[in-house]
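Here the structure comes first, spelled out in structure tokens, and everything after it is commentary.
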Amino acid sequence: MIDVRLVAYAPNGNRLGPLPHPLSLNLGQPLDDLPSLTVSYSTHSTGAELLAAPVEVAAELYAPDTGVWTEHPDSRFLRLARSGDATDPTGARSYTMPGYGWQGRKIRLYPPADPDDLVDGKRGFLSATAGTILATFLQEWHARSGATEFAYDFTTATDSAGATWDKVLTIYYAPGIDLLTVLGNLADQGVCDWRFNGRTLQVFNADTTLGRNLATGPDSVDLLVGRDITDAPDTASLEDLVTDVYLQGEGGFALQAHNAAAVSPWGRWEDYITQGGVRDSGTATILASAALASGSAERVQITRGLTFGRAEHLPWRDYRPGDHVRAAADDGTPQSLRVRQVTLSRDGDGQVSGNVVLNDRFVEGEIRRARRTQSIVNGATASGGSGAQPAPEGPDTRRPAAPAGLIVDTVDYLDSDGAARGQITATWGLVDTATDGTAMEIGAYELYHRPNVVDAPWYKATETVDPDNTAWYSGYNVGEEWAFKVRAIGQHNSLPGPFSDQYAVTIAADTDPPPVPSAPVLSTRLGVIHVNWDGLGSAGEPMPADYQHTIVQMRDADPWVHTFDYTGPPQYPFTVSEGTWNGTAEGMPFAGYGNFLLYDFGTVDQVVELDVYRPPGGAELNLFIAPRVDGVIPSSGYFSPYIAIGSDLPAGQSTTYRVEVIGQRARVIEGGQVIYDQSFAFGNAYGTQMALDGDSGTLLSAWRIPADVDWHEIDVMEGGPATVVIPGQPYGAERWVRLIAVDRSGNTSAASAVASAATEPLVDTDVHPEVIAAGHIRANAVTADKIEAGAIEAGHIAANAIEADKIAAGAIDGKTITGATVRSARPASGGSATPAASGSSTYSVRP
């Protein structure tokens, strides 16, 4: 069983000893933020004396599979704040401890040794990596006798994982800003992720080391309700819905944007954005679209309570903050969710519980959009103000120095036609001197650009007014290379200075995939499969403006894999719910109440086949299927409510049960025949259980369909709603279909939920060489419009086969009958009916 223990350390020193008897503790470990520890401890308990003075406290986690205690990252804390009541006879004291990195608030940026290095009172970091900025803080602090135990393991060139920094900044900080604030700002802008490992600050490129994808693949982490998760509370709010945005830019520029896909139960809800410096429609579109996207739907906080008794996956051993795992979203469907925080609690009885806060793809998308917005609006800017110098006497022929530190960032956006376009944000160092080194006031900056081709002409893109050293421009074709340079313009003489060094970038391409399509709806008729799609996403949202088409994929054969041998113990997810596993060379016998196999489908729709044997003299076998009730797996006895399906398997023979559970729909196929096909009317969608029962029987083997199988593209839908017809499928063969959306940039969505169907023949035998008898044809399957004109002649009709009650009133008239005699049932006198004249509709009766 997982456990948490506390160990005290001297400040920046050695281990002092354990804190073995906390009354309670609560440990919170978020991504890109300080962890926290709250401890209640009695002064009468062993180790209380260690908390009487400032100490560090480490939280160690016990791994039941290895028996090792480990201090994981973000598990070192400072005993700073305490509270208690001296009259309390229990001696209970409460301690609130922030993470070791809290000391970053006490590490400040000092002015440089040379005051002339300040620009408008700020220190500049030109074309600097996150490592350069943060190492500057720590190196200078260490030089001022800061504790060297507060360490870091990144460099100015590489992050803590040894990867080259993938972003550079040109930014100015006012002296006095603290390290922790800078860390938070860099993380908010998507420059880096960070944590503390013991006393060492670790910083990584954003969404790399602290963004592992564990939702798919061989080492995937699937948090199942009932096994890993106990409860699933969600908190949702519609308060931030927005349908329309008005953006006020610079110099009278304005943009209005509307989101027709936004949830709007009360109609139009507005927001107003003011952003100085924005003069082009592309940048304005990005900012307005981010506001509309973040307010397009209900905001949901997903929290999942953890259970550790029978959990397959444990925090820190199998997943950690920042990882993407597979778990049930707020609608109960399994999705890739990102772990934003892990919380562990331990009560006075030593029982450990916990929860995880998860972000779905909508929230993670909102975070990415916020980072993009911050990278645009929070470029390198310096406040204007003091230190202005009077204009010199006479004409000033000096020219401003070339700006240093030019960097250009690029993002994509969708224009009004849904086409992907590129936008750039250029930032450079401020200029306050002339080329001769004397002080000079600057009036403006001009940004030039050209395609990154030799001898291509330069064009002025835009300009800014000093001290604004961030410029935006948009409308680029994605994937093209462009070069940029900037120059300063003198305030009083309007003379331009030399250009900066060039900076070349490849305009960012659209990498955001379209929404996952809603599940297809399948139907069969006349030997073909009809695939119907409503044209919406899985959450009911419309496809975006850059949507191009939807791929229809089909899996035509189930690649079964052997789950376990009958001679060995069953592998996950098979467990014996009652009795003990007693597999033999012949198989696993099961007999009577209290000895059956339980299979947990979890949160993922699955299909399983079980080969079973009924021995001579053995009673009839039964299959039990039940959904989870309130997400709980029963631990003993028959689960209720359930569906009981009897088998007609003769004694001495074996059969194969194929159990399919897709959402709430359950199908059971035995020997190729569907013996059950209905939707559950009880339970919920978190999973399904199955059991075999009988007075005697043997489980021979088990098979399942793996998650990764071969899919074949069948057709393409150019929009929705739409229908695709798949002909030529053999009768009775199961076919699985899913959808994948594609946008105009070639990005593909994740696959939709899977639907299945099998074509069914109109007759229960093949046409050749069998004879189709009446018993082979379904009732009412053959109607008049299915019969070719003249195809049925008199020789095809048996004598007396058509009687009067089979002929509709008025169905036969003179135009219908030619060249033949129509006789009624012979009367006693032997009369018959013949036409009075050819072509006449009048009939006479002859005796």
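One point on numbering: in the numbering used here, the residue at position 10 of the sequence shown is 10, and numbering is uninterrupted. Even glycine gets a Cβ: it sits at the ideal position worked out from N, Cα and C.
By the C-beta criterion, the region 715-735 is judged to be in contact with the region 537-549, since at least 3 inter-stretch pairs fall below 8 Å.
Looking at the DSSP output, lysine 167 bridges to nothing. Counting the other CB atoms within 10 Å of its CB gives histidine 324 a total of 16 or more, which places it among the buried residues. In this structure proline 20 is exposed. Its beta-carbon is surrounded by fewer than 16 other beta-carbon atoms within 10 angstroms.
Taking 7 Å as the cut-off, the Cβ atoms of threonine 243 and serine 220 do not count as close. Its chain contains Asp244 as the residues whose beta carbon lies nearer than 6 Å to that of glutamate 270, once the 5 sequence neighbours on both sides are disregarded; these appear in chain order. Put simply, the backbone Cα of aspartate 32 is about 7 Å away from that of glycine 184. When secondary structure is reduced to three states using DSSP, arginine 105 falls in the helix class. Here the C-alpha atom of glutamate 250 lies approximately 7 Å from the C-alpha atom of glutamine 275.
For the region 258-342, the continuous beta strand (DSSP E) assignments of 3+ residues that do not extend past its boundaries occur at 270-274, 299-306, 324-328, in sequence order.
Here the region 507-524 does not lie against the region 484-494, with fewer than 3 beta-carbon pairs under 8 Å apart. Here isoleucine 802 is exposed. Its C-beta has fewer than 16 other C-beta atoms within 10 Å. For alanine 10, there is no enclosing alpha helix (DSSP H), since its DSSP letter is neither H nor E. Assigned with DSSP and collapsed to three states, asparagine 185 falls in helix.
Taking a cut-off of 8 Å for Cβ pairs, the region 79-95 and the region 161-177 do not touch, as fewer than three such pairs fall below it. Partner residues in a beta bridge of valine 242, as assigned by DSSP, do not exist. By the Cβ-count criterion, glutamine 673 is exposed, with fewer than 16 other Cβ atoms from all chains shown falling within 10 Å of its own Cβ. Nearest to tyrosine 319 by C-alpha distance, out of Asn14, Gln29, Ala236, is Gln29. The C-beta distance from alanine 290 to methionine 543 rounds to 19 Å, too long to meet the 8 Å contact threshold. Taken in chain order, the complete alpha helix (DSSP H) segments of 4 or more residues contained in the region 6-45 number zero; there are none. Non-local beta-carbon contacts of glutamate 298 in its own chain, meaning distances under 6 Å to residues more than five positions away in sequence, involve Ala236, Leu238 in chain order. In this structure, the CA atom of proline 111 is about 51 Å from the CA atom of glutamine 351.
Here arginine 744 has Asp546, Gln548 as same chain residues with Cβ atoms under 6 Å from its own Cβ, once five neighbours each way along the sequence are excluded. By the Cβ criterion, the region 99-115 is not in contact with the region 63-73, since fewer than three pairs of Cβ atoms, one from each stretch, lie closer than 8 Å. In the structure shown, histidine 142 adopts helical secondary structure according to DSSP, grouped into three states. By the 16-neighbour rule on beta-carbons within 10 angstroms, threonine 148 is exposed. Under the DSSP assignment, tyrosine 110 falls outside any beta strand (DSSP E); it carries neither an H nor an E label.
DSSP places aspartate 677 inside the beta strand (DSSP E), whose first and last residues are 673-679.
Short of 7 Å from the beta carbon of alanine 508, and not among the five residues preceding or following it, lie these beta carbons of its own chain, in chain order: Thr410, Val411, Asp412, Gly422, Val478. By the beta-carbon neighbour count (other beta carbons within 10 angstroms, threshold 16), glutamate 660 is buried. Cβ neighbours of arginine 665 within its own chain (closer than 7 Å, five residues either side excluded): Ser679.
Its chain contains Asn532 as the residues whose beta carbon lies nearer than 6 Å to that of valine 521, once the 5 sequence neighbours on both sides are disregarded; these appear in chain order.
Residue environment analysis places arginine 15 among the exposed positions, since fewer than 16 neighbouring C-beta atoms fall within 10 angstroms of its C-beta. For glutamine 502, no beta strand (DSSP E) segment is defined, and its DSSP state is neither H nor E. Short of 7 Å from the beta carbon of glycine 348, and not among the five residues preceding or following it, lie these beta carbons of its own chain, in chain order: Leu23, Ser24. Secondary-structure assignment with DSSP links asparagine 532 through a beta bridge to Val521, Thr723.
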